[in-house]
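In this note's numbering, the protein residues as written are 90 to 282. For each residue, glycine too, the CB sits at the ideal point set by N, CA and C. As the structure is a prediction and not an experimental result, all values here were calculated from the model. Comments concern the structure below.
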Amino acid sequence: MIYRYRMKFDGDSFKVYLLLAACVVVGIGAFFVLSTLWAIVLFLVCVVMAFQILKMMAKTLRARIITYTDGFTVYMTDGTKQQFEWDLISYAGFVVEGIQKGYVFVYEESVDRFIQLPPTFENLAGFREEIEEHHPVEDCIMKPSETIKERIKSIFVPESGDDSEADAEKTAEVEDQTESGTTDESEEAEDTK
90 MIYRYRMKFD GDSFKVYLLL AACVVVGIGA FFVLSTLWAI VLFLVCVVMA FQILKMMAKT
150 LRARIITYTD GFTVYMTDGT KQQFEWDLIS YAGFVVEGIQ KGYVFVYEES VDRFIQLPPT
210 FENLAGFREE IEEHHPVEDC IMKPSETIKE RIKSIFVPES GDDSEADAEK TAEVEDQTES
270 GTTDESEEAE DTK
């Protein structure tokens with residue numbers, strides 16, 4: 090199945106549409122206010138800006154998710170793609186509350202790959218159901234400032250406090266063995282003299 094990115098008419102998208110409309114109005118309005126030469130220059134600047142905005146919107150609309158029997162592929166807005174296999178998924182979740190509410194995310198621990206998908210994809214609930222057919226999806230209630238990356242790190246990366254204590258114990262054991270080995274060698278050297 091294919092899940093496409095859809096442009097929402099929310100705050101951020103509204104700003105982009107407003108900027109595009111402003112480029113058109115300023116470019117055309119320049120001919121009524123400025124001399125011909127300056128109007129042409131300003132018009133060309135507005136055309137270039139409008140072209141860049143439309144190019145950005147086209148790239149954004151190319152983003153999509155394609156699922157198949159072995160996994161899925163996410164085509165990103167920058168033209169790259171990431172492939173995930175159902176069997177290799179380590180963790181999948183859906184953000185119920187938090188700053189990234191409505192996001193679906195997937196993590197593959199074996200290759201340390203992670204993708205987070207905003208709710209602006211068509212039928213993201215259907216994509217979640219497809220993931221659930223192959224791997225359980227956890228409903229995540231996040232702290233107000235917690236991000237998805239922080240949640241995944243807290244699950245898969247051991248806390249530094251636990252590791253540092255274990256590392257300190259191992260280091261102390263190695264140092265004890267080294268010190269006792271050194272004193273034994275020096276005592277043996279003195280005995281041979």
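Residues of its chain near residue i, where Cβ-Cβ distance is below 8 Å and the 5 sequence neighbours each way are ignored
i, result
"V200", "L177"
"L131", "V115, G116, A119 and L123"
"K283", "This structure does not reach residue 283, given that the chain is present from 90 up to 282, and the question cannot be answered."
"F173", "G160, F161, T162, V163, V195, E197, R202 and I204"
"W127", "A119"
"H223", "W175, D176 and I178"
"V113", "C135 and A139"
Where residue i sits in the DSSP three-state scheme
i, result
"D228", "strand"
"A181", "strand"
"G118", "helix"
"T125", "helix"
"R95", "coil"
"K170", "strand"
"R217", "helix"
"Q205", "strand"
"T149", "helix"
"V193", "strand"
"E222", "helix"
6 Å CB neighbourhood of residue i in its chain, flanking five on each side removed
i, result
"V163", "I154, Q171 and I204"
"S102", "M96"
"E219", "T156"
"M90", "T156"
Assumed close pair residue i, residue j - CB separation to whole angstroms, cut-off 8 Å
i, j, result
"F183", "Y94", "About 18 Å; that fails the 8 Å criterion."
"I230", "Y192", "Not really, about 13 Å apart at Cβ, beyond 8 Å."
"V216", "Y92", "Sequence inspection shows Phe at residue 216; the Val mentioned does not correspond to that position. Yes, they are in contact, since the Cβ atoms of F216 and Y92 sit about 5 Å apart, within 8 Å."
"Y180", "I129", "Contact flag wrong, Cβ pair sits at about 57 Å."
"T169", "K148", "Going by Cβ atoms, the distance from T169 to K148 rounds to 11 Å, so no, they are not a contact pair."
Residues bridged to residue i (per DSSP)
i, result
"F103", "Note: F103 sits in no beta bridge, so no partner."
"T236", "None; T236 has no bridge partner."
"T156", "F161"
"F210", "Y94"
"E198", "E198 pairs with nothing; no bridge assigned."
Own chain, CB closer than 7 Å to residue i, minus 5 neighbours either side, in chain order
i, result
"K190", "V184"
"L109", "A139 and I142"
"T267", "Summary for T267: the model assigns pLDDT 34, below 50, so the residue's position carries little reliability; its value from the coordinates is reported in the next sentence. No residues qualify anywhere along the chain."
"E186", "I230 and M231"
Residue i Cβ short of 7 Å to the ligand ZN heavy atom set
i, result
"A128", "What this structure holds is no ligand at all, so the ligand ZN is not there to describe."
Interface flag, residue i vs chain B, CB-CB below 8 Å
i, result
"R202", "Protein chains in the displayed structure number just one, and chain B is not present."
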